[in-house]
Amino acid sequence: MAATVPVHRCRFVDNTPSAITALAFPPLPLPSVKTKRKSTDAPKPLQYGILAIGHANGNIDISEWMGSEHEPPNSQAWVVRQTLPGPYPSKVDALALTIRHPDAFNEDDVPKQSDLRLFSSGGGSELIEWDIQRSRIKRTISSQGGSIWSLAANPSSSLLALGCEDGTVRILSLENDTLTHHRRIGKVKCRMLSLAWGPPVPKQSRKPLPPPIKKLAADSDDSESDDDDDEWEDSWLVTGCSDSSLRKWDAKTGQLMERIGMDKIRGERTLVWTVGVLGDGAIVSGDSIGLVKFWDSKTCTQLQSFQAHGADVLCMAISPDGKAVYTSGVDQKTVQFSLVKTSSSDNTTFSPARWAQTGAKRMHSHDVRALAIWPPHSPLPPSFKRPTPADVAPILASGGLDMSLVLAPAALTSNTLVKITNPLVTSVEANFEDAYHRRVAYSQEGRVRVSRGARLVSTVSEAGLAVWRIVNGDSLPQALLSEDQVEGDRSPSPKFASGWEKVLEMDLSVHSNIVAHEISEDGSWLAVSDLYETKLFRLNLGEDGLTPKRVREFSSIIQQHIPSLPQNVNEPANQHQFRGTGSLSLKFTPDSSKLVISTTAPSYILIVDLNGEVPQVLRRLDHHLMQDIHVGNRVVAGKANGVKKPQANGDVEMKDVSEEDEPSDDDDDEPVNQRESKQRLSTTVSVSHLAISPDGQWLASSSHWPSSSSPSSSSAPAHTSTKTHIYNLDSVSHHTTLPSFPLPVQHLTFVASPDSSSYSNLLLSFPNNSVQVYDVEQRQFPVWGKTLLRQMHDAVLGAFTVSAKTDDGKSTKKVLIFWSATWMCKIGLDPSLARPASSTSEHNLLLSSSRKRRRGQHAGDKEKKVTASTATGITAGEDGEDEDGVRPEQDVPKAVDVKMITSYRPILCVDRVVGSRGEEEIVVVERPLVDVLATLPPAYFKHRYGRS
106 MAATVPVHRC RFVDNTPSAI TALAFPPLPL PSVKTKRKST DAPKPLQYGI
156 LAIGHANGNI DISEWMGSEH EPPNSQAWVV RQTLPGPYPS KVDALALTIR
206 HPDAFNEDDV PKQSDLRLFS SGGGSELIEW DIQRSRIKRT ISSQGGSIWS
256 LAANPSSSLL ALGCEDGTVR ILSLENDTLT HHRRIGKVKC RMLSLAWGPP
306 VPKQSRKPLP PPIKKLAADS DDSESDDDDD EWEDSWLVTG CSDSSLRKWD
356 AKTGQLMERI GMDKIRGERT LVWTVGVLGD GAIVSGDSIG LVKFWDSKTC
406 TQLQSFQAHG ADVLCMAISP DGKAVYTSGV DQKTVQFSLV KTSSSDNTTF
456 SPARWAQTGA KRMHSHDVRA LAIWPPHSPL PPSFKRPTPA DVAPILASGG
506 LDMSLVLAPA ALTSNTLVKI TNPLVTSVEA NFEDAYHRRV AYSQEGRVRV
556 SRGARLVSTV SEAGLAVWRI VNGDSLPQAL LSEDQVEGDR SPSPKFASGW
606 EKVLEMDLSV HSNIVAHEIS EDGSWLAVSD LYETKLFRLN LGEDGLTPKR
656 VREFSSIIQQ HIPSLPQNVN EPANQHQFRG TGSLSLKFTP DSSKLVISTT
706 APSYILIVDL NGEVPQVLRR LDHHLMQDIH VGNRVVAGKA NGVKKPQANG
756 DVEMKDVSEE DEPSDDDDDE PVNQRESKQR LSTTVSVSHL AISPDGQWLA
806 SSSHWPSSSS PSSSSAPAHT STKTHIYNLD SVSHHTTLPS FPLPVQHLTF
856 VASPDSSSYS NLLLSFPNNS VQVYDVEQRQ FPVWGKTLLR QMHDAVLGAF
906 TVSAKTDDGK STKKVLIFWS ATWMCKIGLD PSLARPASST SEHNLLLSSS
956 RKRRRGQHAG DKEKKVTAST ATGITAGEDG EDEDGVRPEQ DVPKAVDVKM
1006 ITSYRPILCV DRVVGSRGEE EIVVVERPLV DVLATLPPAY FKHRYGRS
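Under our numbering, the sequence shown is numbered contiguously, ending at residue 1053.
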């Protein structure tokens, strides 16, 4: 009995992702000058920082590593947690991350998101500093030297250098969380296309120590001298110029130390697009004629030269230990250079090590614009060289015009003393030349929305929106998800080859790129938001298409319910502090009577009634902003004074609806400023995920904000903190709060139980290949959700439930559709799944869960051998026991039917629509890479043989 689901395969959506133009990893703190690390000191376990990804449309994605500290290998690697919308129009050409307070960190600490400052430039004269926590611009400053061509922070994160159009290097001071002009270096008649800082040197004491007259005075002098000695100062910096030269500048005096000439072809100028500095002071350059050169910084003479590329070398990355250099550019080839030891012909004496081209791979189909590597390289003197784990391969990240982020392990082949782990789990091999790389799909959640009742598909670009209508037919489309047609031809029938039409196209007036949009199920409402304003439209479907009519008073209606941004008394007010009415997420109820809005950070939830002639805000919810208390690694949601005392075992009892501390009507009537002064509210929380049950009764919201970091808590998880709240939309009140999870929520949706039509089950997906099911009405995690958790072994972006008829046509069973950018997973749920085979099995599950809690830290002493059944997807433990310590029931494979479908890619959206006869159909929106590349100029190609 094969269950079939009709599918519309939509490739007409012309949504084009943006190219990757810049990548940045956070720097590591400099070591102490006073205490040199011993060579016998073993490096600590490798930790992973965030990854900033700059796009050509001005957006910046902030990605977090999804692996835990105890299990560094992770197949998901870095997952986008938030997007900083850029001003419209804008672009990102360079990124730089610095440590906000570098003196507060030890050399082995990895700065977290809240400890970092992010800077970007986009080809103009303005440098932008971003408020990462609030996803908005913090401040801007003019370069005072024209367009910014390059950007680099010094190793101590105290200065930021800008290579400018007028041939100068502008130095900005970053001390004490400020951004001010410090000095100007040079004035030449060319552009500063690239720059890099030289190795820092220990700062010398400015005055000799006084004689120790008294012990107390001596101790005081020693402490002052130690503070002075425990500092670094910059020695020099090098710039790559547009006049076929490199220039070396003294960082202290700003004087030109040396000019290094580059090769020319036919008298044309050679552009030095990228430059880097190694720990021993050696300079590496990449230019517009494809040459990669190594230079001696002391004599400023050429050491070696490689014709490694056929066209411009645009980017460079240096390995953590400085023994490998990676370059890439227009010819799409990533080349590895390694420092190898050489010996003389008689094998009696050893000559100095030399650089050799040891590998090359093509991991992109178009120009490569950015390279970055983790752990990052710090150009430290050899005596202060930071040790790196020898058993874990570094990760090389690259991006370019083909819009895809590529991650590759970058271990050296010469390291054969220990077994090297591939942290990406792409292959057993971990060296750069032999290991498989991972291509991260460019699909972004939320760019495409589906109106289920009106059969409309909407998509947004940076400042535009388009809506298509899927035409109804007399017969159903091809059942592409039938079990007997999982593999095979997926082309639609000729009747449905053109079963769609564009009914609306709008160009909106926005101040930033569009952040969120939503279309109601009946197609009567459309909401679009950038960072500063949410727009609401009424839609009328006629013969000429959709006719939008804007509700112009909507912004003023909701503006009075949104407090202004909290101001920092130490910073002057600027135009970027304007809050506006922007939204991070929008949701219409199924009956299109209400609109739920999640404002920009700090996020409030507004419930808007759309039934009247003028929209009206029913209530503002601020539960996500309440300060939390921490119990171990768990977060207890709610006010600090209103949370129950944790039990001895660390468990926290969940609140009942009668026990919730609801704001009174008198509080709603109070002014916003007075009411907020009574509470300790978070200023950085972002509610980025909303879900409404199909019956319109329940609202689920999930928030995240960067967890506070301190050097003493470096072992804490680096992920953002999360809270999930449930609201009752019938009574417009708070219902309950879910327990905290170790990872941020990736997607929320309500699904039906296998044995009922009640949509009170909230399904939460996480970036680490897991899902959770929570029964909202019962306030508990159902048993069948644990079984479903064992079936899921891939990442999840979205999920929903459809009812599919079996072949006999007599009964129906629930079908869950999980999807990601490159695959779909169809899971059939039999009604028997919600009814355990025996009460004993249910008792064992609960008993096992309680035993696991009592075991505490001893639970991880015994490691289980995990195997996966490819036929049923069940993960079993040692001796046939599952992860909960319970022997799996024999009827689980029959109750859960799993099918993986990989023929749709890249997927932008999967949703359901209502057919002509009331049946449910599936809409799969794809954006093939071939179609995307067709919109770009031809890639560089050179014939190897024959005519070119």
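Every residue gets a Cβ at the ideal spot worked out from N, C-alpha and C, and that includes glycine. Model, not experiment: these values are computed from the prediction.
Asked: Residues in its own chain within less than 6 Å of D800 by CB, not counting five upstream and five downstream?; Found: Y864
Asked: Among I394, S836, G359, A535, which residue has its Cα nearest to the Cα of E373?; Found: I394
Asked: Please state whether DSSP places Q851 in a helix, a strand or coil.; Found: coil
Asked: Does the stretch 683-703 come close enough to the stretch 228-238 that 3 or more CB-CB pairs lie under 8 Å?; Found: no
Asked: Could you give the distance in angstroms between the alpha-carbon of L223 and the alpha-carbon of W354?; Found: 25 Å
Asked: Can you list, in chain order, the residues of its chain with a C-beta nearer than 7 Å to that of W928? Leave out the 5 residues immediately preceding and following it.; Found: D899, M1005, I1006, T1007
Asked: Taking the alpha-carbon of A796 as reference, which of S703, T493, T789, L723 has the nearest alpha-carbon?; Found: S703
Asked: When burial is assigned at 16 or more other CB atoms within 10 Å of the CB, is V565 buried or exposed?; Found: buried
Asked: Rounded to a whole number of angstroms, what is the C-alpha to C-alpha distance between L651 and L609?; Found: 6 Å
Asked: Identify every residue that forms a DSSP beta bridge with E169.; Found: V184
Asked: Near S168, what residues of its chain come up, given a Cβ to Cβ distance below 7 Å and the 5 sequence neighbours on each side ignored?; Found: I155, L156, I158, W183, V184, V185, R186
Asked: Between which two residues does the alpha helix (DSSP H) harbouring L1034 extend?; Found: 1034-1038
Asked: DSSP three-state label for D348, please.; Found: coil
Asked: Where in the stretch 336-386 do unbroken runs of the beta strand (DSSP E), each at least 3 residues long, occur, reported from the N-terminal end onward?; Found: 341-346, 350-355, 361-366, 377-382
Asked: Just verifying my parser: in three-state terms, what is the DSSP assignment at S325?; Found: Confidence is the limiting factor: at S325 the pLDDT is only 44, short of 50, which leaves the residue's position unreliable, though a coordinate-based value still follows. Reduced to three states, the DSSP call for S325 is helix.
Asked: Between which two residues does the beta strand (DSSP E) harbouring F575 extend?; Found: For clarity, residue 575 is Ile in the given sequence; the question names Phe instead. First-last of the beta strand (DSSP E) with I575: 569-575.
Asked: Would DSSP call K692 helix, strand or coil?; Found: strand
Asked: Considering Cα atoms alone, identify which of L561, D339, K438 is closest to S483.; Found: D339
Asked: Ends of the beta strand (DSSP E) at Q877?; Found: 876-880
Asked: Secondary structure at Q218, three-state DSSP: helix, strand or coil?; Found: helix
Asked: Tell me which residues share the same chain as D324 and place their Cβ nearer than 8 Å to its Cβ, disregarding the 5 neighbours each side in the sequence.; Found: Because the pLDDT at D324 is just 46, under 50, the model does not fix this residue reliably, and the point stays unresolved.
Asked: Compute the Euclidean distance between the alpha carbons of I525 and Y431, then round it to the nearest angstrom.; Found: 19 Å
Asked: Cβ atoms of V435 and V397: under 9 Å apart, would you say?; Found: no
Asked: Does the beta-carbon distance from A429 to L419 come in below 9 Å?; Found: no
Asked: Quick check on the DSSP output: the beta strand (DSSP E) that includes F659 runs from which residue to which?; Found: Run containing F659: none in the beta strand (DSSP E); it sits in the alpha helix (DSSP H), 659-664.
Asked: For the stretch 409-418 against the stretch 111-128, do three or more pairs of beta-carbon atoms, one drawn from each stretch, fall closer than 8 Å, so that the two count as touching?; Found: no
Asked: In the DSSP assignment, the beta strand (DSSP E) including P1043 goes from what residue to what residue?; Found: Here P1043 belongs to no beta strand (DSSP E), and DSSP marks it neither H nor E.
Asked: Should V377 go down as buried or exposed, given a rule of 16 or more other Cβ atoms within 10 Å for buried?; Found: buried
Asked: I believe I575 touches V1028 by the beta-carbon criterion, under 8 Å. Please report the beta-carbon distance rounded to the nearest angstrom.; Found: 7 Å
Asked: Kindly give me the distance between the Cβ atoms of E623 and T686, rounded to whole angstroms, as I take these residues to be in contact under 8 Å.; Found: Not confirmed; about 15 Å, so no contact.
Asked: What is the residue span of the beta strand (DSSP E) that P500 lies within?; Found: At residue 500 the sequence reads Ile, which differs from the Pro that was named. Element bounds for I500: 500-505.
Asked: Tell me, which residues are paired with P192 by DSSP?; Found: S617
Asked: Is it right to say A413 is buried, meaning 16 or more other beta carbons lie within 10 angstroms of its own, or is it exposed?; Found: buried
Asked: Which of helix, strand or coil does DSSP assign to G890?; Found: helix
Asked: Would you kindly work out how many angstroms separate the C-alpha atoms of V837 and V1015, rounded to a whole number?; Found: 30 Å
Asked: Assuming contact is defined by CB atoms lying nearer than 9 Å, are R884 and V118 in contact in what I supplied?; Found: no
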